[in-house]
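Asker: When the letters of the sequence shown are read in order and numbered with the numbering used here, they come out as residues 34 to 220.
Every residue, glycine too, gets a C-beta built ideally from N, C-alpha and C.
Every value quoted in this text rests on a predicted model; they were computed, and no experiment measured them.
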Amino acid sequence: ERGKYTQAIKVDRTRAGRVLAACEIGIYLTEDGADHWRQVLATEETVTDIQQSPHDPAVWLAATQSAGAFISRDGGLTWRNLPGVPTDRALYNITFDVTNPQRFAIGSWSHGVLTSEDGGATWTARNAGLPDGHCVWRVGVDPEGRLYASVVKETLYVSDDFGRTWRRDALEGSAVNSFLLLPRAAK
34 ERGKYTQAIK
44 VDRTRAGRVL
54 AACEIGIYLT
64 EDGADHWRQV
74 LATEETVTDI
84 QQSPHDPAVW
94 LAATQSAGAF
104 ISRDGGLTWR
114 NLPGVPTDRA
124 LYNITFDVTN
134 PQRFAIGSWS
144 HGVLTSEDGG
154 ATWTARNAGL
164 PDGHCVWRVG
174 VDPEGRLYAS
184 VVKETLYVSD
194 DFGRTWRRDA
204 LEGSAVNSFL
214 LLPRAAK
């Protein structure tokens, strides 16, 4: 039976027992600690990533294998497709800018880095300075607002202007599978 493969699981940081699962046929939600699940987004393609906003816990983003990207503004209960996001190739991950609630980024093998600076209303490919072919496996944004792109078998690239320009950073020959953001230490 198709549908059991799960790509990502995210715990709602504001409500105990509430979890969203990104699966090969959509997104599932439990609100009772996994006793019961219900499908809240049906897709024909695998949901590759799901993220909760660091700014507003009711806002969630999801990326898919080839059905574009989605946004929920009601805690993951309902979803709508983000306009302007390509649907012809895989999107590997999606992230929020922790410094600006209007900025999102997507990492894609074929499309490279896509960014939005208006809450997902419009999207721009930001690949100038990345290697030909792009092959972006993951993107992440640090607490200073720097955008990172893991380009497979290349290195980690960093941008201080949300993808308008890029420079090589570190981890030569790597493929970063995830970014973990740690809060700044209190001064």
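#1: Among 89, 57, 148, which one has its Cα closest to the Cα of residue 194?
#2: Going along the chain, which residues of its own chain have a beta-carbon closer than 6 Å to the beta-carbon of residue 171, five neighbours each way excluded?
#3: Does DSSP put residue 143 in a helix, in a strand, or in coil?
#4: Taking all protein chains shown into account, do 16 or more other C-beta atoms lie within 10 angstroms of the C-beta of residue 187, making it buried, or fewer, making it exposed?
#5: What span of residues does the beta strand (DSSP E) with residue 125 cover, start to end?
#6: Measuring alpha carbon to alpha carbon, tell me which of 185, 103, 162, 178 ends up nearest residue 199.
#7: My understanding is that residue 91 touches residue 108, with C-beta atoms under 8 Å, so please give their C-beta distance in whole angstroms.
#8: Should residue 59 be labelled buried (16 or more other beta-carbon atoms within 10 Å of its own) or exposed?
#9: Residue 181 to residue 130, Cα distance in whole Å?
#10: The ligand SAM and residue 207: does any heavy atom of the ligand fall closer than 8 Å to the residue's C-beta?
#11: Would you kindly check if the distance between the Cβ of residue 49 and the Cβ of residue 76 is under 9 Å?
#12: Please report the Cβ distance between residue 55 and residue 82, rounded to the nearest whole angstrom; I am assuming they are in contact, meaning their Cβ atoms lie under 8 Å.
#13: Nearest-angstrom Cα distance between residue 221 and residue 196?
#14: State the DSSP-derived secondary structure class of residue 168, mapped to helix, strand or coil.
#15: What would DSSP say about residue 105, mapped onto helix, strand or coil?
#16: Exposed or buried, which one is residue 71 when buried takes at least 16 other CB atoms within 10 Å?
#17: Who are residue 195's beta bridge partners in DSSP?
#18: Measure the CB-CB distance between residue 142 and residue 158 and report whether it falls below 9 Å.
#19: If residue 164 and residue 214 are in contact, beta carbons under 8 Å, what's the gap, nearest whole angstrom?
Answerer: Answer, in terms of the structure:
#1: Of the candidates 89, 57, 148, the one whose C-alpha sits nearest the C-alpha of residue 194 is 148.
#2: For residue 171, where only same-chain residues beyond five positions count, the Cβ hits under 6 Å are 126, 140, 183, 209.
#3: In this structure, DSSP gives residue 143 a state outside helix and strand, which the three-state scheme calls coil.
#4: So residue 187 ends up on the buried side.
#5: Per DSSP, residue 125 belongs to no beta strand (DSSP E) and is neither H nor E.
#6: Nearest C-alpha to residue 199: 162.
#7: That pair is a contact at about 5 Å.
#8: Answer is buried; the Cβ neighbour count reaches 16.
#9: Rounded to whole angstroms, residue 181 to residue 130 spans 11 Å at the Cα level.
#10: Inclusion of the ligand SAM in the displayed structure is not the case, the ligand content being empty and no account of it being possible.
#11: Residue 49 is positioned such that its CB atom lies no closer than 9 Å to that of residue 76.
#12: With 8 Å as the limit, residue 55 and residue 82 qualify as a contact, their Cβ atoms being about 6 Å apart.
#13: One cannot answer for residue 221 here, as it falls past the ends of the chain, which runs 34 to 220.
#14: DSSP places residue 168 in coil when its eight states are reduced to three.
#15: In this structure, residue 105 counts as strand in the three-state DSSP scheme.
#16: Of the residues assessed, residue 71 falls on the exposed side of the cut-off, its CB having fewer than 16 other CB atoms within 10 angstroms.
#17: Residue 195 pairs with nothing; no bridge assigned.
#18: No, the pair does not count as a contact, with Cβ atoms beyond the cut-off.
#19: About 25 Å separates the beta carbon of residue 164 from that of residue 214, a gap too long to meet the 8 Å contact definition.
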